[in-house]
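Worksheet for the structure shown next.
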Amino acid sequence: MTAAPSRFNLAALFLSQSLATGATTASTVLASLVMSALGREALAGLPSTLVTLGAAASAGLFGILMLKNRRQGLVLAYLLGVVGALVGFWGAWRGQIPVFLLGAAMLGMSQGGYQQARYAAAESVAPSKRGLIIGALMFASVLGSAFSTALSGPLSRFASGLNTSAEVVGWLLAALFLLLGAGLTSLWRPPVAVNVTAQAAEAARVPLSHPQVWPAALAVAVSQGLMVTLMSLTPLRAHHMGMEHVAIAGLVTLHVAGMFGFGWLTGPLIDRLGVRFGYVGGAALLLLAALSAPAGQLWLAPSMFLLGLGWNLGFLAGSKALTAYRGAQGKVDAVAYLSAGVGTFFGGLALGRYGFEPLAYACAALSLLLLLSAWRGGAVRRVAAVAAD
C-alpha cells in the first residue's frame, strides 16, 4: 500500500537531487576543458568516460543495496561523491592527471547511486502519476544548475586566487552540494513499507531480457549515451570556435534547462499519452539535436537545448516503464552509463581524428533506435491485452 507522501518528505529528496545534479553536471560537462588545460586535449572525453564507467560499475551494486534500504544507499552515494569531487579538484589544481581521473571515476560511482532517487520518488505515488513525479524531480534539478550558474562570477574570482580556472573550482562546489544532498536525504523517510526480504528476492530475479524491460532499457541507454556524448564534447567544439567560459556556461545552462526544465510538462504528458510518446518524441528531438550541432556557432545553443529535451522524453519514459521492475533498475542504469562511457571515449577519439561532423551524424543515426523501443513496447502491451481478454 502506498502512503500519501508528505510535502517535506518529497522536498528533502527533490532538493538533494537538485543540488547534486546541478553541480555534478556542470563539473563533468566542463571536464573536457580541464583536460585540455592540462595538455591532454586528445583525451578530452576521458573524464566523462570514467564518470560514466564508474556509474556503470556501481549502479547495479547500489540497486541491490536499495532493494533493502533506499535511504541508506542514497546517502552512501552522496558521500562517495563528496570524496570524489574533492579528489578531482585536488588533481586538477595540482596538475596531477591520474588523481583528477580517479576523482572523476569516484564521482561517477556516486552518480550510479544517487540518480536512482527517481525510482524512490516514483514509489511514493500511484502508477498513473509516476511520470509526473519523475518529471517533477527532473524539474527540481534546474535549481541546482541555476545555483551553479549564479556562482560563476564568485567561482572565477576564487579560482584566480588559487591560480586556477573556474572549471577546476567547480569540483569544490560539487563537493559542497553533494554534502548538502547527503544531509537532506538523511531526513527523507521512505513512504512505502514493504517486506523487503521477500520482495527484494523476487525483484532481483528480473532479467534485462524481460519483454517489458528491454524496450525501456534500450530507450534509457540510447538516450543517456547520445546525450552524454554530445553534451561532453560540444563545449570543446565551442571552445575551438572561440567561445569564452561565460558563453560556454550558457550553453550548459540551456542544455540542463532542456534536460530538466520541462519535467513538469513531459511527465504528465507521458502519464496521459503513454511511454511510446516519450520514445518517439525523444527520437525526433535527439535526431534534430545531432543534425543541427555541426551547422555552425549559432546552432550550438538550440542543439544543446534539443539534446537535453530529447533525453528528457526518452529517459523519463523508460524510467517510468521500469518503476514496476525494481530488480532491473540498477541493471538498466548500469547499461545506460556503460553506453555513455563508450560513447564519450570513442566520441573523443573520433573528434580528434575525423572532426565533429561525422560524430554528430553517427549520433543522429543511433537516435532512431528509440523507435525500436516504441514499436516493441507497443507490441508487448498488445499481446498482454489480448492475453488478459
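Counted from 1, the sequence shown has number 1485 at position 237 by the numbering used here; the numbering is strictly sequential. Backbone N, C-alpha and C fix where the C-beta goes; we use that ideal spot for every residue, glycine too. Model, not experiment: these values are computed from the prediction.
- Short of 7 Å from the beta carbon of serine 1266, and not among the five residues preceding or following it, lie these beta carbons of its own chain, in chain order: Ala1388, Ser1389, Leu1391, Gly1392.
- Under the three-state reduction of DSSP output, histidine 1488 falls in the helix class.
- In the three-state DSSP reduction, tyrosine 1573 falls in the coil class, being neither helix nor strand.
- Under the three-state reduction of DSSP output, tryptophan 1436 falls in the coil class, being neither helix nor strand.
- Close CB contacts of leucine 1286 within its chain, under the 8 Å cut and outside five residues either way in sequence, are with Ala1340, Gly1343, Ile1345, Phe1348 (chain order).
- In this chain, the alpha helix (DSSP H) harbouring valine 1331 covers 1318–1341.
- Assignment of alpha helix (DSSP H) within the segment 1477–1552, counting only whole runs of 4 or more residues, yields 1493–1508, 1511–1521, 1523–1540 in chain order.
- As the crow flies, the alpha-carbon of methionine 1357 is around 8 Å from that of alanine 1325.
- For glutamine 1359, the uninterrupted alpha helix (DSSP H) segment begins and ends at 1345–1362.
- Sorting Gly1361, Phe1510, Ala1538, Val1373 by C-alpha distance to the C-alpha of serine 1615 places Ala1538 at the top.
- Exclusion of the five residues before and after glycine 1509 leaves Phe1387, Val1390 as the residues of its chain whose Cβ lies within less than 7 Å of its Cβ.
- Taking C-beta atoms under 8 Å as the contact rule, alanine 1279 and serine 1296 qualify, at a distance of about 6 Å.
- Within 10 angstroms of the beta-carbon of histidine 1488 lie fewer than 16 other beta-carbons, which makes it exposed.
- By the criterion of at least three beta-carbon pairs nearer than 8 Å, the segment 1509–1519 is not in contact with the segment 1597–1613.
- Here valine 1580 carries a helix assignment [DSSP, helix/strand/coil].
- Inter-residue distance for methionine 1283 and leucine 1420 is about 17 Å (C-alpha atoms, whole angstroms).
- Within the model, the alpha-carbon separation for leucine 1466 versus leucine 1380 is close to 22 Å.
- Short of 6 Å from the beta carbon of valine 1461, and not among the five residues preceding or following it, lie these beta carbons of its own chain, in chain order: Tyr1573, Ala1576.
- Between the alpha carbons of alanine 1543 and leucine 1555 lies a distance of about 15 Å.
- Ranked by Cα distance from threonine 1571, the first of Arg1366, Gly1431, Leu1291, Tyr1602 is Arg1366.
- Looking at Val1417, Ile1518, Leu1258, the one whose alpha-carbon comes closest to that of alanine 1565 is Ile1518.
- Taking every protein chain shown into account, the CB of valine 1476 has 16 or more other CB atoms within 10 angstroms, so this residue is buried.
- CA-CA distance, glycine 1591 to glycine 1473, rounds to 6 Å.
- Here arginine 1288 carries a coil assignment [DSSP, helix/strand/coil].
- Taking C-beta atoms as the reference points, threonine 1501 and alanine 1541 fail to come closer than 8 Å.
- Bounds of the alpha helix (DSSP H) holding glutamate 1605 are 1604–1615.
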